[in-house]
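Below you'll find the structure, written out as structure tokens, and then a few comments.
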Amino acid sequence: MPELDLHGEVFYDKVYGCWLGKNAGGTLGAPLEEMFGTPEPLDVRWYPELRAGGIPNDDLEMQLVWLLALEEVGPGILARDLARYWLDHIGYNFDEYGMAKANLRLGLEPPLSGSHNNWFVDCMGSPIRSEIWACVAPGAPRVATRYAYQDAICDHAGGESVYGEMFNAAVESAAFVVSDRHQLIDVGLSYVPQNSKTAVAIRTAVDGHAGGLDWRETRRRVLAATPHHVAQYSPINLGFQVIGLLYGEDFGDGICTTVNCGYDTDSSGAAIGSYLGILAGRSGLPERWIAPLGDTIATNESWGGVRHLSDLPRPAPTELGELAERIRAVALTVLGAAGAVGADGVLRTTEDELYADASVRDLWSASPTTVEYQHADLRVAVDYLDGPTVAADGVKELRTVVRNDRRDPITVRCAVDVSDGWKAPPVQEVEVLPGSETPLTWRIDVPVRALLQDSNRLFLRVSPVDRPELPAVPLVLLGGAACRVSGPYDANGYGDEWPLDTPFPPERVRGSVLASDSRDGSWREVVASGNSLPVAGEFADPGVLYLQTFVYAEMAQDAWVVVDANCPVRFWVNDEPVATANRYRGVRPCHRGSPDSAGQVGLRAGWNELLIKLVRRMDAPAADCHLLFASPDRFRTALTQLGRTHFPWD
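Under the working numbering, the residue at position 194 of the sequence shown is numbered 1025, and the numbers go up by one with no gaps.
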């Protein structure tokens, strides 16, 4: 029977080794990370760059924030709690981080914050945050993965990366009591759906190793089994981590093998470093790899990448010894609350208990669009079904489930409070039996464009009869962006450069660009949900397509505007050219954008016009285009206060 004394030196040694290993692997891989994957492997055998304490990165410092959250909230912490720590502490907006934080500022709770308008749900932002959950639930993967799930749905709900974080947390938690690497992988695989891309990539790595292939050929097979053009695609990187675990002959060889697989090298390098660091412990790690880094923790707090780590009454740890001791204290609380550790502080488990059970597998089918609220008498779940976006003059359907946790039947009167211009649906009254739940469907009429806001905050009042009143449940509906398209205009056979440089009718302006008839051509109205523009269905034939949309700014301000398309694109703001990208490439629609398809513009107070021109040849894939607005500083924070739901003439 596996045992682990949380008061003992072995546990402390393994926790210390986890973070040392993570620091080493992340430092090795950080200078080599790219945005897009490359077919050829790397060849690195030592740190390309060295700094005392390692190179700061989000992989480690965000988990300092989660430690603070665990200390302050306690073992009952949920995604809703973590979301507040995102807004308090996380300054940068890389990829899915920026998408999730924008959703939170618009009023969405997890899991909607992770699933809505998030192209990066399958990327590495959450698998890199697994170690804290493993360390506070050592030898208890079922506990660790439940926390990992709550973490992952904040910014990856509905994506492969939820499985990636659960796999990592399971492997790392089990590594405190299991040393066989194949068994660790088996344990981890029990925590992810077997038909997921994550499982496919991992099994491909395992099969390649078992078949006697060298790591380069196994890498090639992982890429073939789960192809993707973006370097941060998590299934590929999980496969690379397993390659390092199986092929690495020692710590240095293991982290180098994973990093030499390429793609998201700092994240995968940090993860394999954690795997091996837990297995070896601080005492078993080679001095050659860890001595240059020291025991201090490097962060990006100096420039605001993370915030409020050092200015708290009890600041975040600044060196690994303190981190290990504070994790020990939290682990005793977490495992105590889970009933997994005795009064003596010793975890006693079984081989079977290391593997996922039905309660963990249930998480795989949890809806990424359902937000749950726990009240004293009732639990209320709100399912947004196809998402929170609404179109003007339409009808939005929501489904709620009211569950009675008390011992007597409760009569519940449910009503939706709406904003000005909205029409409230009829009040519904139901009796909910003890221990049962009652579903209710709501059809909410959406007002005309001029009354639709970007974030529309409605409330569901769930009032139990003859019981204390309960807080209202938020219903946050996001207005779709009003757009118009013109075309496609025939340009087949002319290549890409001529159509891109040749003005078609929509480029001719008569009077103010804010007028409905200012641009020539025939226009039809469409609605965009989030950053993705509705061009694929409008661009079935090759040629040139124009899309026009408008942005309302409360005050004059500079903005970073990104138009990320998989085909040649040019765009203008207020009829001034901003950027031109004459190439075909898979999109990577983050707030930073690419240098050739983004630029800083000065938005006027009031209305601003944006015109996008897309060129597509006959043999090109379906058009894909995304529009994002961010702050012009290094943070690239989404500008969620800009109005985009209607036209100036509405």
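The beta carbon of each residue, even a glycine, is placed where N, CA and C say it ideally should be.
Counterpart residues of residue i in DSSP-defined beta bridges
i: residue 1390; result: 1432
i: residue 1064; result: 954
i: residue 996; result: Note: residue 996 sits in no beta bridge, so no partner.
i: residue 1312; result: 1359
i: residue 921; result: 1137
i: residue 1142; result: Answer is none; residue 1142 lacks a bridge partner.
i: residue 1381; result: 1440
i: residue 1245; result: 1259 and 1293
i: residue 1350; result: 1340
i: residue 1273; result: 1229
i: residue 880; result: In the DSSP output, where bridge partners are listed per residue, residue 880 has none listed.
i: residue 1412; result: 1400
i: residue 1254; result: 1276
i: residue 1220; result: 1309
i: residue 1204; result: 1211
i: residue 1127; result: 1150
Cutoff 6 Å; reference residue i; Cβ partners in own chain excluding five residues on either side
i: residue 1061; result: 1419
i: residue 923; result: 1136
i: residue 950; result: 1420
i: residue 1087; result: 876
i: residue 1360; result: 1220 and 1311
i: residue 1085; result: 1075, 1079, 1103 and 1107
i: residue 1335; result: 1320 and 1375
i: residue 1489; result: With the chain running from 832 to 1481 in the structure shown, residue 1489 is simply not present.
i: residue 996; result: 957, 958, 961, 979 and 983
i: residue 1465; result: none
Residues near residue i in its chain [Cβ-Cβ closer than 8 Å; skip 5 each side]
i: residue 894; result: 960, 962 and 963
i: residue 1216; result: 1200, 1228, 1229 and 1230
i: residue 857; result: 885, 886, 888, 890, 891, 1097, 1098, 1100, 1101 and 1104
i: residue 1034; result: 1020
i: residue 1156; result: 843
i: residue 849; result: 962, 965, 966, 1003, 1105, 1108 and 1109
i: residue 912; result: 900 and 904
i: residue 870; result: 1054
i: residue 1279; result: 1223, 1224, 1252 and 1481
Contact belief for residue i with residue j at Cβ below 8 Å, rounded distance in angstroms
i: residue 1399; j: residue 1413; result: 5 Å
i: residue 1406; j: residue 1344; result: 5 Å
i: residue 910; j: residue 941; result: 4 Å
i: residue 968; j: residue 1162; result: 7 Å
i: residue 1319; j: residue 1374; result: 4 Å
i: residue 1295; j: residue 1209; result: 7 Å
i: residue 1397; j: residue 1368; result: Between residue 1368 and residue 1397 the Cβ distance is about 15 Å, and since that is not below 8 Å, they are no contact.
i: residue 1130; j: residue 1140; result: 6 Å
i: residue 860; j: residue 1090; result: 4 Å
i: residue 1382; j: residue 1467; result: Their Cβ separation, rounded to whole angstroms, is 17 Å, which puts residue 1382 and residue 1467 out of contact at 8 Å.
i: residue 1147; j: residue 899; result: 6 Å
i: residue 1223; j: residue 1307; result: Residue 1223 to residue 1307, Cβ: 17 Å. No contact.
i: residue 1204; j: residue 1304; result: 5 Å
Alpha-carbon spacing of residue i relative to residue j, whole angstroms
i: residue 1179; j: residue 1211; result: 37 Å
i: residue 1293; j: residue 953; result: 36 Å
i: residue 901; j: residue 977; result: 14 Å
i: residue 1237; j: residue 1243; result: 13 Å
i: residue 1472; j: residue 1454; result: 28 Å
i: residue 1128; j: residue 1167; result: 28 Å
i: residue 905; j: residue 1028; result: 33 Å
i: residue 1258; j: residue 1271; result: 11 Å
i: residue 1014; j: residue 1005; result: 9 Å
i: residue 1431; j: residue 1042; result: 52 Å
i: residue 1457; j: residue 908; result: 35 Å
i: residue 1254; j: residue 988; result: 31 Å
i: residue 1302; j: residue 1470; result: 30 Å
i: residue 1198; j: residue 1325; result: 47 Å
i: residue 1077; j: residue 1069; result: 13 Å
i: residue 1239; j: residue 1273; result: 26 Å
Beta carbon proximity, residue i to chain B, threshold 8 Å
i: residue 869; result: Of the protein chains in the structure, only one exists, and it is not chain B.
Contacting residues, own chain, Cβ-Cβ under 7 Å from residue i (five flanking each side not counted)
i: residue 926; result: 951, 954, 956, 1063 and 1421
i: residue 1073; result: 1016, 1033, 1036 and 1037
i: residue 1284; result: 1310 and 1476
i: residue 1349; result: 1340, 1341, 1342 and 1343
With a threshold of 8 Å, are at least 3 pairs of Cβ atoms found where one atom belongs to the stretch 1367 to 1386 and the other to the stretch 1435 to 1449? yes
Are three or more beta carbon pairs between the stretch 1185 to 1196 and the stretch 1012 to 1021 nearer than 8 Å? yes
For the stretch 1335 to 1345 against the stretch 1446 to 1459, do three or more pairs of beta-carbon atoms, one drawn from each stretch, fall closer than 8 Å, so that the two count as touching? no
Contact the stretch 1468 to 1480 vs the stretch 1288 to 1303: 3+ CB pairs below 8 Å: no
Are the stretch 1310 to 1323 and the stretch 1362 to 1374 in contact at 8 Å, needing three or more beta carbon pairs? yes
So does the stretch 842 to 861 actually touch the stretch 1107 to 1119, counting three or more Cβ pairs closer than 8 Å? yes
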